[in-house]
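Asks: After the C-alpha cells below, expect a handful of questions from me.
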Amino acid sequence: MSRELLTAYELVGGYGTIDILHGVSLNVGAGEIVTVIGPNGAGKSTAFKTIVGFLRPKSGRVVFNGEEITGMRPDLVLRRGLAYVPQGRLVFPQMTVLENLEMGAYTVTEQARIRTALARAYELFPILFERRRQKAGTLSGGEQQMLAIGRALMTAPRLILLDEPSLGLSPKFVTLIFDKLAEMRRAGYTLMLVEQNAARALALADRAYALELGRNRFEGPGTALLADPEVKRLYLGA
Ligand SMILES: Nc1ncnc2c1ncn2[C@@H]1O[C@H](COP(=O)(O)OP(=O)(O)O)[C@@H](O)[C@H]1O
Ligand SMILES: [Mg+2]
Numbered sequence: 012m013s014r015e016l017l018t019a020y021e022l023v024g025g026y027g028t029i030d031i032l033h034g035v036s037l038n039v040g041a042g043e044i045v046t047v048i049g050p051n052g053a054g055k056s057t058a059f060k061t062i063v064g065f066l067r068p069k070s071g072r073v074v075f076n077g078e079e080i081t082g083m084r085p086d087l088v089l090r091r092g093l094a095y096v097p098q099g100r101l102v103f104p105q106m107t108v109l110e111n112l113e114m115g116a117y118t119v120t121e122q123a124r125i126r127t128a129l130a131r132a133y134e135l136f137p138i139l140f141e142r143r144r145q146k147a148g149t150l151s152g153g154e155q156q157m158l159a160i161g162r163a164l165m166t167a168p169r170l171i172l173l174d175e176p177s178l179g180l181s182p183k184f185v186t187l188i189f190d191k192l193a194e195m196r197r198a199g200y201t202l203m204l205v206e207q208n209a210a211r212a213l214a215l216a217d218r219a220y221a222l223e224l225g226r227n228r229f230e231g232p233g234t235a236l237l238a239d240p241e242v243k244r245l246y247l248g249a
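Residue numbers for the sequence shown follow my numbering, beginning at 12 and rising by one.
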C-alpha cells in the first residue's frame with residue numbers, strides 16, 4: 012500500500028450559498044496517478060478548488076501529508092507541497108517561458124532549489140528549454156499546457172492537481188500531453204487529474220473516481236473502471 016498523501020473527506024460546499032459538492036471524498040497515495048472523471052458540471056473543478064483552498068468547504072476535511080489544510084490559503088497549501096494547475100492553461104502571455112517558470116517558484120527563496128527545479132522542468136519538457144526566451148503568448152496550446160505544468164513543478168511539489176490538461180488541444184497535442192503524463196508517472200511524480208478524455212485518463216491511472224452531481228459515483232483501479240460496463244455506458248460513450 013502506498014502512503015496516504017492526500018485525504019479529502021466528505022467535502023460539502025460550493026459558491027456562496029449554493030452547494031455544488033454534497034460529500035465528495037478523494038484520496039491520493041504517494042507515487043499514485045489518480046484520475047477523476049464525470050460529466051460536465053459534476054463538481055470536479057470545484058472539488059479541486061476546495062482542496063487547494065480557493066474555496067472553503069462548509070464541512071468535510073482535507074488532510075495533506077499528515078497535516079490538516081482544510082480552508083487554508085492557497086499559497087500556504089502550495090508551500091506545503093500541493094500544487095494546482097487550473098483548467099485553461101493560464102500562463103502570462105507577455106512574459107517569456109523562463110519568466111513564467113520563475114514565477115512558479117515565487118514561494119521558493121533558495122536559488123539552488125530553483126535551479127534544480129528548472130533543470131527538472133526542462134528535462135521533462137525540452138521544448139520549454141528551446142523556447143525559454145520566447146513570450147508564452149506565442150506558444151501553441153499544447154506548449155502552453157506544458158508550461159503550465161512546468162510552472163507547477165517549480166516548487167518541487169509532493170502532489171500536483173491537474174484540471175483538464177488536454178482540454179481544447181488538437182489530437183496531436185492531446186497525445187503529447189498524455190505521453191508526458193505517462194513520463195511523469197514513470198519518473199515518480201504523484202498526480203491527481205481531472206480529464207474528459209476518460210478512456211485515456213483511466214488507462215493512465217492507478218486509481219480513479221467518477222463524480223456525479225457533487226457525489227462520488229464509482230471508484231477503483233483505473234483498469235477496473237475502464238472495464239466496468241456501467242462506467243463504459245455512462246462515461247466512455249460505449
Ligand atoms: N464561480 C462559480 N460560481 C458559481 N457557480 C459555479 C462557479 N463555477 C462553477 N459553478 C457551478 O458549479 C457546478 C460544478 O462546476 P464544476 O466544478 O466546474 O464542474 P466540472 O468541473 O465537473 O465540469 C456547475 O453547475 C457550475 O455551473
Ligand atoms: Mg471542470
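Glycine included, every Cβ here is placed at the ideal spot set by N, Cα and C.
Could you tell me how far apart the beta carbons of A147 and L158 are, in whole angstroms, since I believe they sit closer than 8 Å?
Replies: Right, their Cβ atoms sit about 6 Å apart.
Asks: Below 8 Å, how does it come out for the region 102–112 and the region 58–65: are there three or more Cβ pairs, yes or no?
Replies: The region 102–112 vs the region 58–65: no contact.
Asks: Is it the case that the Cβ atoms of E110 and M165 are separated by a distance below 9 Å?
Replies: Going by C-beta atoms, E110 is not nearer than 9 Å to M165.
Asks: Are the beta-carbon atoms of A19 and L37 separated by less than 9 Å?
Replies: Result yes, Cβ atoms of A19 and L37 sit closer than 9 Å.
Asks: At the level of alpha carbons, what is the spacing between R144 and L150?
Replies: Spanning the two alpha carbons is a distance of roughly 11 Å.
Asks: Would D174 be called buried (16 or more neighbouring beta carbons within 10 Å of its own) or exposed?
Replies: Buried, since its Cβ has 16 or more Cβ neighbours within 10 Å.
Asks: Using only the alpha-carbon positions, how far apart do T234 and Q156 sit?
Replies: Cα to Cα, the separation comes out at about 26 Å.
Asks: Round the Cβ separation of E79 and G40 to the nearest angstrom and send it over; I've been treating them as touching at under 8 Å.
Replies: About 18 Å separates the two Cβ atoms, so there is no contact after all.
Asks: At the level of alpha carbons, what is the spacing between K6 and I48?
Replies: As shown, the chain starts at 12 and ends at 249. That puts residue 6 outside it, with no answer to give.
Asks: Return yes when at least one heavy atom of ligand 2 lies under 8 Å from the C-beta of V205, else no.
Replies: Checking every heavy atom of ligand 2 against the Cβ of V205, one is found closer than 8 Å.
Asks: Would E175 pass as an interface residue toward chain C - the criterion being a Cβ-Cβ separation below 9 Å?
Replies: Within the model displayed, chain C is absent; a lone protein chain is all it includes.
Asks: Return the CA-CA distance between M12 and A219, expressed in angstroms with no decimal places.
Replies: Low confidence applies here, because M12 scores a pLDDT of 47, under 50, leaving its location unreliable; read the following figure in that light. Approximately 16 Å between the Cα atoms of the pair.
Asks: Which value, in whole angstroms, describes the spacing of the CA atoms of V73 and L66?
Replies: About 12 Å.
Asks: My output table needs one value for Y200: the three-state DSSP class, helix, strand or coil.
Replies: Of the three classes helix, strand and coil, the one that applies to Y200 here is coil, per DSSP.
Asks: Which residues count as close to ligand 1 when the rule is a CB under 5 Å from any of its heavy atoms, in chain order?
Replies: Every residue passing the under-5 Å Cβ criterion appears here: Y26, I31, N51, G52, A53, G54, K55, S56 and T57.
Asks: Can you look up V102 in the DSSP assignment and give me helix, strand or coil?
Replies: Of the three classes helix, strand and coil, the one that applies to V102 here is coil, per DSSP.
Asks: Tell me, to the nearest whole angstrom, how far the beta carbon of L202 is from that of I44; I am working on the premise that it is less than 8 Å.
Replies: Contact holds; Cβ gap of about 5 Å.
Asks: Following a CB-centred definition, is Q98 positioned closer than 8 Å to any heavy atom of ligand 3?
Replies: This structure lacks ligand 3; the ligands present are ligand 1 and ligand 2.
Asks: Based on Cα-Cα distance, which residue from P176, T120 and A116 lies nearest to E206?
Replies: Of the candidates P176, T120 and A116, the one whose C-alpha sits nearest the C-alpha of E206 is P176.
Asks: Using the three-state DSSP reduction, which class does G288 fall into: helix, strand or coil?
Replies: It is not possible to answer for residue 288, since the shown part of the chain is limited to 12 through 249.
Asks: Pick helix, strand or coil for K146, following the three-state DSSP scheme.
Replies: It is a strand residue.
Asks: Relative to ligand 2, is the shortest distance from any of its heavy atoms to the C-beta of E223 smaller than 8 Å?
Replies: E223: no, Cβ never under 8 Å from ligand 2.
Asks: Measure the alpha-carbon distance for L139 versus D217 and round it to whole angstroms.
Replies: The alpha-carbon atoms of L139 and D217 are separated by roughly 28 Å.
Asks: Whose C-beta lies closer than 7 Å to the C-beta of A193 among residues of the same chain, with five residues either side of it excluded?
Replies: These residues qualify, in order along the chain: L215.
Asks: Bridge partners for L170 per DSSP, in chain order?
Replies: BP columns for L170 point to L93.
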